[in-house]
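Some notes on the structure that comes next.
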Amino acid sequence: MNKVILLDRLKAFTEQATADIILPTHPQKGDSGSQYRTADVYRMRLPDSRAATKKAPYILHQIITGKDAQPSGQSPKSSTTVRTIFCVYSNDEQEGGLMLLNLMERLRIALLERVVIGQQFTLDLQAGLETLVYPDDTAPYFAGEMVSTWKLPAVQRKVDYER
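Going by the working numbering, the sequence shown runs without a break in its numbering and finishes at 178.
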């Protein structure tokens with residue numbers, strides 16, 4: 016019921032939603048020709064942030080804020096905001112931009128169709144689902160992000176009556 020579990024569920028959901036999108040990777044030393052694969056999905060950080068471009072294509076889910084509140088006379092409410100970063104590689108700038116958009120749209124549509132993941136985390140559509148394709152000229156790498164807010168099961172209080 017916590018944010019770590021949400022990230023686990025988002026990772027699994029993302030892998031399933033994007034499983035049939037095969038993208039090019041940047042050839043590394045020793046590679047023979049172009050290689051293709053699905054986008055790797057990470058939680059919170061890349062394994063090696065200094066090699067961020069070598070990891071492309073990838074999707075990274077990060078918890079950026081959380082809020083717990085109990086308005087007067089109401090049940091406790093918990094939510095968290097998730098930033099999802101997308102990165103793809105392509106030598107063709109037009110194709111690279113379209114690959115990025117396709118990957119982002121696939122996840123956006125899947126989230127809007129499902130709304131609830133892991134049977135306990137609900138996408139907060141009132142808060143909205145925002146997407147941004149970075150306009151920077153970073154070719155042959157193309158990146159963008161999505162910001163979503165999730166309703167979490169509220170933490171139940173434990174009252175200790177013994178003293």
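All C-beta atoms in this analysis are idealised placements derived from N, C-alpha and C, irrespective of residue type, glycine included.
Whole-number beta carbon distance between residue j and residue i, since they are thought to touch under 8 Å
| i | j | result |
| --- | --- | --- |
| SER93 | LEU126 | At roughly 19 Å, the Cβ-Cβ gap does not stay under 8 Å, so SER93 and LEU126 are not in contact. |
| TYR104 | PRO72 | 6 Å |
| LEU38 | ARG52 | 7 Å |
| LYS166 | GLY81 | Not quite, the Cβ-Cβ distance comes to about 12 Å (not below 8 Å), so this is no contact. |
| THR95 | LEU21 | 7 Å |
| GLY111 | ALA154 | 6 Å |
| LEU122 | ALA32 | 6 Å |
Residue i: first and last residue of the uninterrupted alpha helix (DSSP H) it sits in
| i | result |
| --- | --- |
| ARG60 | Element bounds for ARG60: n/a, residue is neither H nor E. |
| ALA125 | 108-129 |
Neighbourhood of residue i by C-beta distance below 6 Å, restricted to the same chain and skipping five residues each side
| i | result |
| --- | --- |
| PHE28 | ILE132 |
| LEU75 | TYR57, ILE100 |
| GLN77 | MET59, ARG98 |
| PRO91 | GLN85, ALA169 |
| GLU145 | VAL162 |
| GLU108 | ALA154 |
Where residue i falls: helix, strand or coil (DSSP)
| i | result |
| --- | --- |
| ILE20 | helix |
| LYS44 | coil |
| ALA32 | helix |
| ALA27 | helix |
Own chain, CB closer than 8 Å to residue i, minus 5 neighbours either side, in chain order
| i | result |
| --- | --- |
| THR68 | HIS41, CYS102, TYR104, TYR156 |
| ASN117 | ILE36 |
| MET119 | PHE101, THR146, VAL148, GLY159, MET161 |
| ASP139 | SER94, SER163, THR164, TRP165, LYS166 |
| ILE124 | none |
N- and C-terminal bounds of the beta strand (DSSP E) containing residue i
| i | result |
| --- | --- |
| LEU138 | 136-138 |
Residues that DSSP places opposite residue i in a beta bridge
| i | result |
| --- | --- |
| SER163 | VAL97, LEU144 |
| ILE52 | Contrary to the premise, residue 52 reads as Arg rather than Ile in this sequence. For ARG52, which the question treats as bridged, DSSP gives the partners LEU38. |
| VAL103 | PHE157 |
| LEU75 | TYR57, ILE100 |
| THR80 | THR96 |
Cβ neighbours of residue i in the same chain (closer than 7 Å, five flanking residues each side left out)
| i | result |
| --- | --- |
| HIS26 | Position check: residue 26 holds Lys in this sequence, whereas His was assumed. These residues qualify, in order along the chain: VAL56, ARG58, HIS76. |
| ARG24 | ILE132, GLY133, PHE136 |
| ALA34 | THR53 |
| GLU128 | none |
Cβ-heavy atom distance, residue i to the ligand ADP, below 7 Å
| i | result |
| --- | --- |
| GLY88 | Inclusion of the ligand ADP in the displayed structure is not the case, the ligand content being empty and no account of it being possible. |
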